[in-house]
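Residue numbers (this note's numbering): 85 to 324. In this text, a Cβ means the ideal position worked out from N, Cα and C, and glycines have one as well. Since we're looking at a predicted model, the values are computed, not measured. This report refers to the structure that appears directly beneath it.
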Amino acid sequence: MGLGQFLKNAVFVDDKATSNPKKTESSIPVNTTIAYQPQFVSQPRKKQPVDDNIQPPSNVNGEIDENIFTELCKIIDESALKTTNYLDLKKNVDQLREILTSAKEEELIKAAYINLKSHSPSFNKAVISSSVDHYLKLIMEQKDAEKNIISEEKRLKVDIPLSKIQEINNEIIELKKQHEEIFAKISNKETEVSTIKNNVESASVNIRKKESDLIATINHMKDLLNGDKNNILNALANVN
Numbered sequence: 085m086g087l088g089q090f091l092k093n094a095v096f097v098d099d100k101a102t103s104n105p106k107k108t109e110s111s112i113p114v115n116t117t118i119a120y121q122p123q124f125v126s127q128p129r130k131k132q133p134v135d136d137n138i139q140p141p142s143n144v145n146g147e148i149d150e151n152i153f154t155e156l157c158k159i160i161d162e163s164a165l166k167t168t169n170y171l172d173l174k175k176n177v178d179q180l181r182e183i184l185t186s187a188k189e190e191e192l193i194k195a196a197y198i199n200l201k202s203h204s205p206s207f208n209k210a211v212i213s214s215s216v217d218h219y220l221k222l223i224m225e226q227k228d229a230e231k232n233i234i235s236e237e238k239r240l241k242v243d244i245p246l247s248k249i250q251e252i253n254n255e256i257i258e259l260k261k262q263h264e265e266i267f268a269k270i271s272n273k274e275t276e277v278s279t280i281k282n283n284v285e286s287a288s289v290n291i292r293k294k295e296s297d298l299i300a301t302i303n304h305m306k307d308l309l310n311g312d313k314n315n316i317l318n319a320l321a322n323v324n
């Protein structure tokens, strides 16, 4: 069992949450000896809000990610302090809680503290505080590393696709402009064709009229000439 796993299971709780009114409070012998073996394990509480110092997007409700939590526990395991520290105190409190089930949390902490101090005289409240700060520093450094990974994922899966959408939208706008220009050209060509067609039809009518007039005029002139010819020849029939 790793130190990370222990941290998740052995969480300090409020006296109100641990005390049982049906049990009598028992005093804890301060010389209780518990052999400490560094362990720090983990059962993350599901659907808890994220730390106030790490704000998620305003439209997303953060939940505890078991994989991230487990990874953080591994990091703490790998960098656990060798000297007696906060984790040892938690370990002792957790073990005492199993033995002294009616004891208040405050009593368990005091007993565990005195027990550890008897074996490690240099262990004190300052050491507890600094060791907690040590582990906090580790997870905050990991937070920055994870944020860089998330930022890269966002760049690849959000920013670049959004940029691609904008690029495509710009192409669509350009194509629409070209579409409008092409249809305007088509409309102009259709108007030009219609004008030419009208002119051709008008010219055709005029030409057919001219052809008809020409034929009528020629026939009329031919009849006149033939008439004159016949009249003249008839009038001169007996004249040499």
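- Rounded to the nearest angstrom, the gap between the Cα atoms of Q250 and E225 is 35 Å.
- In this structure, L165 sits near H218, with a CB-CB distance shorter than 8 Å.
- Closest in C-alpha terms to T167, from the list L317, K175, V211, comes V211.
- In this structure, A196 sits near V177, with a CB-CB distance shorter than 8 Å.
- By alpha-carbon distance to Q179, the top candidate from S163, I160, L200 is L200.
- Under the three-state reduction of DSSP, F207 is assigned to coil, being neither helix nor strand.
- When the Cα atoms are used, K261 and L246 turn out to be separated by approximately 23 Å.
- L173 counts as buried, since at least 16 other C-beta atoms from the protein chains shown sit within 10 angstroms of its C-beta.
- Between I160 and L222, the gap from beta carbon to beta carbon is short of 8 Å.
- DSSP places N318 in the helix class (H, G or I) of the three-state scheme.
- E237 places its beta carbon 8 Å or farther from that of I152.
- With fewer than 16 other Cβ atoms from the protein chains shown falling within 10 Å of its own Cβ, K248 counts as exposed.
- Boundaries of the alpha helix (DSSP H) around E182: 170 to 183.
- A187 is classed as buried because its beta carbon has at least 16 other beta carbons within 10 Å across all chains shown.
- The DSSP-derived three-state label of T167 is coil.
- By the beta-carbon neighbour count (other beta carbons within 10 angstroms, threshold 16), F207 is buried.
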